[in-house]
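Residue numbers (our numbering), protein chains in the order written: chain A, 1 to 309; chain B, 310 to 659; chain C, 660 to 955.
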């Protein structure tokens with residue numbers, strides 16, 4: 001178990017390093033980073049000074065090293081617009097995104113689990129035929145359209161929910177539904193696939209041979225086994241939630257890191273964009289690490305991996 | 310629970326009568342079991358033998374009511390202790406499964422729930438059928454583990470399947486199958502996936518259980534050697550039909566069906582047969598569903614086949630007491646193992 | 660041959676009618692092709708379908724609802740904040756979506772596929788390096804990565820394609836890598852190598868045929884995603900720049916006027932949704948066709 005944890009930790013550290021590397025080279029190969037790091041109306045002298053100051057005239061490898069050292073200290077540069085450390089801005093906005101993402105995940109899971117299981121158990125029956133279009137629609141519905149439609153119907157037309165801003169559960173509902181609908185489709189699909197596979201496993205036949213009822217077979221035997229692979233998808237869904245948050249927060253004026261990203265992009269505040277991406281990548285990696293460790297707790301086969309020798 | 314009137318103990322425990330099972334393959338209904346009849350007495354071990362694809366497992370599953378969604382019983386009846394079970398709704402059938410009849414499977418590696426401690430899996434049978442109090446159940450599980458030869462039962466019960474060897478897992482399966490003291494135990498190739506020493510131990514265990522508890526066993530295998538060791542009576546199946554039924558000694562001494570003869574030669578000959586391979590003594594393979602000939606299903610592979618075998622299907626008929634065979638030209642004389650090769654079948658045929 | 664005797668379950672069901680109904684149903688399953696055909700036509704010849712010039716502003720007809728008439732023109736789906744015809748812009752907007760999505764998928768597929776095959780063939784050093792980089796790219800939430808790179812490169816059509824390809828190639832690389840490894844384990848491929856066949860030849864003759872179907876399956880599943888992500892980038896102002904009509908930027912405008920002019924956002928959104936549903940459904944059908952066992 002200890003070896004398992006250490007192994008996963010090392011992998012996460014490596015991924016983090018990889019993210020920094022990819023971001024560094026993406027930005028540096030893409031163009032002149034100074035142009036991105038100075039306000040738009042800077043003079044050529046200003047740019048040259050900053051270039052020297054930031055060491056951008058030094059060899060790329062040197063710069064890469066400095067970038068890594070700075071990143072390790074949580075230094076992602078300064079926001080031009082707000083004149084604050086970029087990471088600090090991201091951190092103050094982050095709790096709002098967590099709130100939204102949690103709402104979205106609750107919405108997605110509470111529908112995806114029943115939809116996934118029912119469409120697997122009633123494969124080929126009318127229930128499945130009724131549920132599969134729901135999944136297809138959820139998967140194909142662009143967040144920025146469904147969000148606008150929801151506002152149109154529930155905020156503009158019926159005045160049931162506020163159309164923008166944060167505050168209380170009522171304000172959370174529309175953005176959560178918007179953000180969660182894509183995850184809903186993905187997770188429901190995954191659950192359906194996993195249940196279909198496990199319903200045909202031999203241990204299910206054994207349970208039936210014992211005289212177990214259909215619900216007992218499903219809940220006591222299939223559920224835990226079939227849900228394991230879904231955990232992995234949940235970890236990966238954090239990427240969709242963080243990416244989708246950019247759109248959902250923009251539509252609902254939700255003051256999280258997604259809205260921050262759009263604002264930073266529009267005001268060409270590049271250090272903040274970079275900080276958001278690196279921060280989100282870190283969160284994503286940590287979420288997947290958490291899922292891996294959770295696996296170790298839930299699956300006895302992994303728990304004993306280290307002890308067997 | 311109404312199990313009907315008390316029946317005399319001489320009545321068969323299980324009576325399968327004229328059972329046909331259809332499988333749907335690519336929208337086509339194919340007959341997988343054709344008018345199979347069989348009975349098992351109390352305390353008797355009946356062996357079902359045949360190559361893979363002969364319908365042995367299909368028959369076992371139809372008794373348990375565990376046929377897949379694409380297969381269904383289209384004709385005939387199955388009675389357990391005098392009660393008709395083939396037409397029961399799932400709810401009614403559940404009272405029998407695990408309690409009056411239970412089943413162990415070929416692959417102990419995958420037949421157990423990987424995320425549940427084995428003790429709990431055994432105990433679940435008692436929970437489902439509401440047998441005993443909570444502490445009774447715990448004691449019973451320990452007792453069962455001892456009974457099937459799993460030493461250190463308390464520790465074993467707390468282990469997960471992946472921590473046990475194949476043989477131990479099959480013992481757990483047997484413990485599970487015996488938990489509610491069923492009258493009938495169906496064993497579907499229970500030793501095929503195990504190595505030879507473990508195989509012998511498991512067979513001994515099954516014999517011991519029959520002797521001690523009087524459990525009837527339906528033993529499905531493709532291995533004539535195993536049949537010789539455990540069975541009292543043997544049913545030979547081919548292409549979804551019963552082709553020969555006889556007490557084990559009579560069958561080995563005087564096989565009547567050419568197919569039985571071939572199966573026997575395959576164990577007495579120099580080569581033992583690996584799983585899924587052609588029998589060296591019988592050329593060709595079992596016909597797949599939908600390709601079963603309209604005459605005697607074995608005719609294309611039979612060295613003694615004549616015109617009549619291809620045109621007309623033989624019915625089961627008694628050739629000597631307790632010995633029935635479905636063949637127009639049954640082998641008359643006993644097959645000697647020394648008699649070389651398959652030519653003996655030909656020369657023995659009339 | 661069927662069993663002549665013992666058919667105890669009754670006479671054979673007449674199949675002909677059921678079969679014909681089944682055939683029709685099978686044909687109807689390909690409805691996505693109809694939508695995609697229309698989309699392809701609109702992308703190729705938008706001027707044949709669009710009633711008005713999509714860029715022409717009518718200042719006396721701003722924010723007018725569907726069916727509005729002015730200057731002898733009919734605005735079937737209404738006008739936007741500059742008085743441009745929504746219907747015409749929706750039709751012209753197909754272009755950006757289709758062009759960006761297909762070229763991005765093609766670029767990512769070719770690059771990723773090549774990388775995967777190279778990684779599968781050069782197992783010592785180059786392979787692990789490529790696959791490590793692929794893993795790293797995959798461990799960044801890719802929409803955010805795309806935002807970062809477009810922001811760095813500057814938003815335009817070409818960069819949009821480059822960015823989408825850059826963030827999505829690892830998906831193809833992984834599949835191509837797995838398929839290459841599997842294929843090179845095959846007896847005949849090993850034999851070919853042992854007989855001294857040149858590597859390029861082995862790849863072309865034996866590995867490529869194994870890898871291509873898998874790449875096609877992934878690609879069909881990716882197209883819908885690319886359509887959405889192009890629109891999403893345009894939505895936040897990082898896509899194709901105005902005045903070129905694109906569904907994403909139309910939705911962005913529509914969002915500002917959601918309370919007063921619902922049609923501006925609704926119709927491009929509907930078009931986007933229909934295109935994505937059709938692409939996804941087609942992807943599923945192609946997947947069922949090429950990969951019936953769900954291996955990929």
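Note that the Cβ used here is the ideal one computed from N, Cα and C, for glycine as well.
Judged by DSSP secondary structure, residue 633 of chain B falls within the beta strand (DSSP E) whose first and last residues are 632–634. DSSP places residue 412 of chain B inside the beta strand (DSSP E), whose first and last residues are 410–413.
Within chain C, the residues placing a beta-carbon under 9 Å from that of residue 242 of chain A are 800, 802, 803, ordered along the chain. The DSSP assignment places complete alpha helix (DSSP H) segments of no fewer than 4 residues inside the segment 830–889 of chain C at 846–853, 858–861, in order along the chain. Classified as buried, residue 877 of chain C has 16 or more neighbouring CB atoms from the shown chains inside 10 Å of its CB.
Where residue 733 of chain C is concerned, there is no enclosing alpha helix (DSSP H), although the beta strand (DSSP E) around it starts and stops at 732–734. In the three-state DSSP reduction, residue 489 of chain B falls in the coil class, being neither helix nor strand. Judged by their CB atoms, residue 71 of chain A and residue 272 of chain A are not nearer to each other than the 7 Å cut-off.
By the CB criterion at 7 Å, residue 880 of chain C and residue 942 of chain C fall inside the cutoff. Exposed is the label assigned to residue 17 of chain A, since fewer than 16 other Cβ atoms lie within 10 Å of its Cβ. Under the Cβ distance rule, residue 403 of chain B counts among the residues neighbouring chain A, one pair being separated by less than 7 Å. At least one C-beta of chain A is nearer than 7 Å to the C-beta of residue 407 of chain B. In terms of Cβ geometry, residue 341 of chain B and residue 415 of chain B do not form a close pair [threshold 7 Å]. Excluding five sequence positions before and after residue 718 of chain C, the CB atoms of its chain that fall closer than 8 Å to its own CB belong to 741, 742, given in chain order. Nearest CB-CB separation between residue 896 of chain C and chain A: below the 7 Å threshold.
DSSP places residue 63 of chain A in the uninterrupted alpha helix (DSSP H) bounded by 60–72.
In terms of Cβ geometry, residue 257 of chain A and residue 12 of chain A do not form a close pair [threshold 7 Å]. Between residue 751 of chain C and residue 904 of chain C, the beta carbon gap of about 4 Å places them in contact (Cβ cut-off 8 Å). Counted as a single uninterrupted DSSP element, the stretch harbouring residue 700 of chain C is not any beta strand (DSSP E) but the alpha helix (DSSP H) occupying residues 690–703. In the structure shown, residue 618 of chain B adopts helical secondary structure according to DSSP, grouped into three states. Contact of residue 148 of chain A with chain C is assigned, a C-beta pair being separated by under 7 Å. By the beta-carbon neighbour count (other beta carbons within 10 angstroms, threshold 16), residue 479 of chain B is buried.
Legend: CB atoms of the segment 735–764 of chain C lying less than 7 Å from CB atoms of chain A are not found in any residue. The beta carbon of residue 72 of chain A sits no closer than 7 Å to any beta carbon of chain B. The beta carbons of residue 417 of chain B and residue 475 of chain B sit closer together than 7 Å. At least one beta carbon of chain C lies nearer than 7 Å to the beta carbon of residue 140 of chain A. Annotation: Cβ neighbours of residue 416 of chain B in chain A (cutoff 9 Å, chain order): 202. Assigned with DSSP and collapsed to three states, residue 528 of chain B falls in strand.
Here residue 253 of chain A is near residue 165 of chain A, since their CB atoms are less than 7 Å apart. The beta carbon of residue 719 of chain C does not come within 7 Å of any beta carbon belonging to chain A, so the residue lies off that interface. DSSP, reduced to helix, strand and coil, places residue 128 of chain A within a helical segment of the structure shown. Look at the segment 265–277 of chain A: the residues with a C-beta under 9 Å from a C-beta of chain C are 265, 266, 268, 270, 273, 274, 276, 277. In the three-state reduction of the DSSP assignment, residue 301 of chain A falls in the helix class. Annotation: Cβ neighbours of residue 224 of chain A in chain B (cutoff 9 Å, chain order): 422, 424, 425. A residue is called buried when at least 16 other Cβ atoms come within 10 angstroms of its Cβ; residue 84 of chain A does not meet this threshold and is exposed.
Counting C-beta pairs with one atom in each stretch, the segment 826–833 of chain C and the segment 850–866 of chain C have fewer than three that are closer than 8 Å, which means they do not touch.
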